[in-house]
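Engineer: Residue numbers (our numbering), protein chains in the order written: chain A, 1 to 79; chain B, 1 to 360. Quick reminder that beta carbons are idealized off the backbone N, C-alpha and C, glycines included. None of these values were measured; they are calculated from a predicted model. Let me begin by handing over the structure; questions about it come next.
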Amino acid sequence: MKIKVYSTPQCPWCDKAKQYFKDKGLEFEEIDVSADPDAAKEMIEKSGQMGVPVIEIDGELVIGFNRPKIEEILKKLNE
Amino acid sequence: METKKPGLEKLGTKKTYDVIIVGGSAAGLTAALYAARRELKTLVLTKDIGGQIAITETIKNYPGWEKITGSDLVKILEKQAIESGAEIVIKEVVKIEELKDSGRELFIVKTHSEDEHTKNGTKLKGEEYAGRTVILASGKTPRSLNVPGESKFVGKGVSYCATCDAPLFRNKIVAVVGGGNSAFEAALLLSSVAKKVYIIHRRDEFRAFEKIINDVKQKKNLEFVLSSAIVEIKGSRFVEAAVLENRKTNKRSELKLDGIFVEIGSDVDTDFVKGLVELDETDQIKTNKNAETSHPGIFAAGDVTDTPFKQIIVAAGEGSKAALAAYNYIHEIENKYVIDWSTHKHEHKADLNKNEKNES
């Protein structure tokens, strides 16, 4: 399972998302879009919007720290 | 100090607390810290932790820190509250009611859970909590422009949080709408990443503090657009332009933009306590020097009250007062000031006793 979290350094919901995966013991790649304009572009293209965080779990996107949706995707992948 | 009052047991499965605090930012978390340190069973119910502080980039006027980011300050406040023994639950309070049970008054606080909040507003599973006292610290929420195209482009060029989204607008052209400190702070932040920043304000004068206005005027890529308002936001996939209207000439013009940051202030939402506590003409909760509201046992602190100065340190100070007043209330210790809610006259208790003596 590949988890990516597109985030910026000063984003409380990004922090909550990262903490969520840490608490669950799930490894994730943290992509700082403020430091990497190419990553920012990639995130905007993929998600069709500019808000952070954008969470990608095995290619499936979640915009914002939408906990129920994240849990739904994780559940599906574990089955 | 655990005191079992008659009637509490009857509540059965409802969770009971000494203090229930509505709101988890400066006022609420400080109240929680103080209440918990007084060994009161304390619960904070909030739809998010940090409120307005969480979306503030840098804070330079909170005593104790020369400079601190909003998110760092929130982390510390949350840590202090939790380490002192308070519980924090992310649930939005939707209603508060009184329950009179064997002469003992309790407040039933009803919530719905953030997780169960569905987009199309279907039935929400709520929870109920009982508290001997309540501290209202729900602050304010940012206002929208309420113009066509705004909701369509939220997250697609329209933002209410420069701190969160500024990095996505590197080398782009953006506008900040507003004339207060938040607008200027957003503009300053954006000027370091964006190619050009417009500050669009419907008046000629600014509410912001002089220092920050001067800092903004130093920036070469910042331009003011005064006496103007955005009347429409246009674009295809993302924001491409805003239609501006000059309020003096009524002339309209189009401004090419990649992003619009809305910083036009915020409003209280006190529907959940309407009828329970007295509100002022802008629906803010009326309080006295003891953070007491018109309803005994209910206290309020911070931006949600009629306090004239909406600052973090003021909210924190009021939060501590509210907690200490709640403690006194629970332990039936009289607070120093009383307020006659019909006349709103504050009187020092000692003076009152003196007057009573003279009259008898």
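When the cut-off is 8 Å and only beta carbons count, does B:P63 lie next to chain A?
Structural biologist: Cβ-Cβ to chain A under 8 Å: no for B:P63.
Engineer: Output, in chain order, the set of chain A residues within a Cβ distance shorter than 7 Å of B:G155.
Structural biologist: Within 7 Å Cβ-Cβ: Q49, M50, G51.
Engineer: Starting from the Cα of A:G51, find the closest Cα among B:G155, B:A194, B:I212, B:N61 and give me that residue.
Structural biologist: It is B:G155 whose Cα lies nearest to the Cα of A:G51.
Engineer: Can you list, in chain order, the residues of the region 32-45 of chain A whose Cβ is nearer than 9 Å to any Cβ on chain B?
Structural biologist: Answer in chain order: D32, V33, S34, A35, P37, A40, M43, I44.
Engineer: Once DSSP output is grouped into helix, strand and coil, what is the label at B:G179?
Structural biologist: It is coil, neither helix nor strand.
Engineer: Let me know the secondary structure DSSP gives B:A291 once reduced to three states.
Structural biologist: Three-state DSSP puts B:A291 in coil, outside helix and strand.
Engineer: Expressed to the nearest angstrom, what Euclidean distance is found between the alpha-carbon atoms of B:N171 and B:A241?
Structural biologist: For B:N171 and B:A241, the distance between alpha carbons rounds to 16 Å.
Engineer: In whole angstroms, give me the CA-to-CA distance for B:I313 and B:P63.
Structural biologist: Those two C-alpha atoms are separated by around 8 Å.
Engineer: List, in chain order, every chain A residue whose beta-carbon is nearer than 7 Å to that of B:T387.
Structural biologist: Any question about residue 387 of chain B goes unanswered here, given that chain B covers just 1 to 360.
Engineer: In chain order, which continuous runs of the alpha helix (DSSP H) of length 4 or greater are located wholly inside the region 165-245 of chain B?
Structural biologist: Entirely contained in the region 165-245 of chain B, the alpha helix (DSSP H) runs reaching 4 residues are, in chain order, 181-191, 210-217.
Engineer: Where B:A186 and B:F261 are concerned, what is the direct C-alpha to C-alpha distance, given to the nearest angstrom?
Structural biologist: Approximately 8 Å, taken between the alpha carbons.
Engineer: Among the candidates B:G265, B:S266, B:G139, B:P148, whose CA atom is the shortest distance from the CA of B:I233?
Structural biologist: The candidate whose alpha carbon is nearest that of B:I233 is B:P148.
Engineer: What do you reckon, are the CB atoms on A:A17 and A:V5 nearer than 8 Å?
Structural biologist: Yes, the pair counts as a contact, with Cβ atoms nearer than the cut-off.
Engineer: In whole angstroms, give me the CA-to-CA distance for B:G297 and B:T30.
Structural biologist: Spanning the two alpha carbons is a distance of roughly 18 Å.
Engineer: Under 8 Å, with one C-beta from each stretch per pair, do the region 130-142 of chain B and the region 20-37 of chain B reach the 3-pair mark?
Structural biologist: Cβ pair count under 8 Å is three or more, so yes.
Engineer: Where do the ends of the beta strand (DSSP E) carrying B:Y62 lie?
Structural biologist: First-last for B:Y62: undefined, no H or E at that position.
Engineer: Buried or exposed: where does B:K152 fall if 16 or more other Cβ atoms within 10 Å of its Cβ makes it buried?
Structural biologist: By the neighbour-count rule (16 or more Cβ atoms within 10 Å), B:K152 is not buried but exposed.
Engineer: Checking contacts by CB at 8 Å: is B:L168 closer than that to chain A?
Structural biologist: Yes, B:L168 lies at the interface with chain A (some Cβ there is under 8 Å from its Cβ).
Engineer: Considering only C-alpha positions, which residue in the set B:Q284, B:D204, B:H295 is nearest to B:T307?
Structural biologist: When each option's Cα is compared against that of B:T307, the closest is B:Q284.
Engineer: What does the Cβ neighbour count give for A:G59, buried or exposed, with the cut at 16 atoms within 10 Å?
Structural biologist: Exposed, by the Cβ-count rule.
Engineer: With 16 other CB atoms within 10 Å as the buried threshold, where does B:Q365 fall?
Structural biologist: Since the displayed chain B opens at 1 and closes at 360, residue 365 of chain B lies outside it and no answer follows.
Engineer: Whose CA, out of B:L106, B:V93, B:Y129, B:D18, lies closest to the CA of B:G85?
Structural biologist: Residue B:D18 is the option with its Cα nearest to B:G85.
Engineer: Starting from B:G126, find everything on chain A with Cβ-Cβ shorter than 9 Å and list it in chain order.
Structural biologist: Result: empty, since nearest Cβ-Cβ is about 16 Å, beyond 9 Å.
Engineer: In the DSSP assignment, find the alpha helix (DSSP H) that holds B:S320 and state where it starts and stops.
Structural biologist: Note, B:S320: alpha helix (DSSP H), 312-330.
Engineer: Does any residue of chain A have a CB that is nearer than 8 Å to the CB of B:R237?
Structural biologist: Chain A contact via Cβ: present.
Engineer: Are B:S71 and A:D15 touching if we call contact CB-CB under 8 Å?
Structural biologist: Yes.
Engineer: Suppose the cutoff is 6 Å on Cβ atoms and the five residues either side in sequence are ignored; what does the same chain contact list for B:E87 look like?
Structural biologist: So the list reads L43, once near-sequence residues are dropped.
Engineer: For a contact meaning CB atoms closer than 9 Å, what does B:V74 contact in chain E?
Structural biologist: In the displayed structure, chain E is absent; the protein chains listed are A and B.
Engineer: Taking the alpha helix (DSSP H) that B:T30 belongs to, which residues open and close that run?
Structural biologist: Unbroken alpha helix (DSSP H) run through B:T30: 26-37.
Engineer: Would the region 173-190 of chain B and the region 276-283 of chain B be scored as touching if the rule is three or more Cβ pairs under 8 Å?
Structural biologist: Output reads no: the region 276-283 of chain B does not touch the region 173-190 of chain B.
Engineer: Output the boundary residues of the beta strand (DSSP E) element that contains A:E67.
Structural biologist: The residue you asked about is not Glu; residue 67 of chain A is Arg in the sequence shown. No beta strand (DSSP E) holds A:R67; the alpha helix (DSSP H) holding it covers 67-78.
Engineer: Show which residues of chain A have a CB atom less than 8 Å away from the CB atom of B:T69.
Structural biologist: Those within 8 Å of B:T69 in chain A are Q10.
Engineer: Taking just the CA atoms, how far does A:N66 sit from A:N78?
Structural biologist: Cα to Cα, A:N78 sits roughly 19 Å from A:N66.
Engineer: Just the chain B side, please: which residues come within less than 7 Å of A:D15 by C-beta, in chain order?
Structural biologist: By Cβ distance, chain B contributes S71.
Engineer: Just the C-alpha distance for B:K75 and B:K67, rounded to the nearest angstrom, thanks.
Structural biologist: For B:K75 and B:K67, the distance between alpha carbons rounds to 15 Å.
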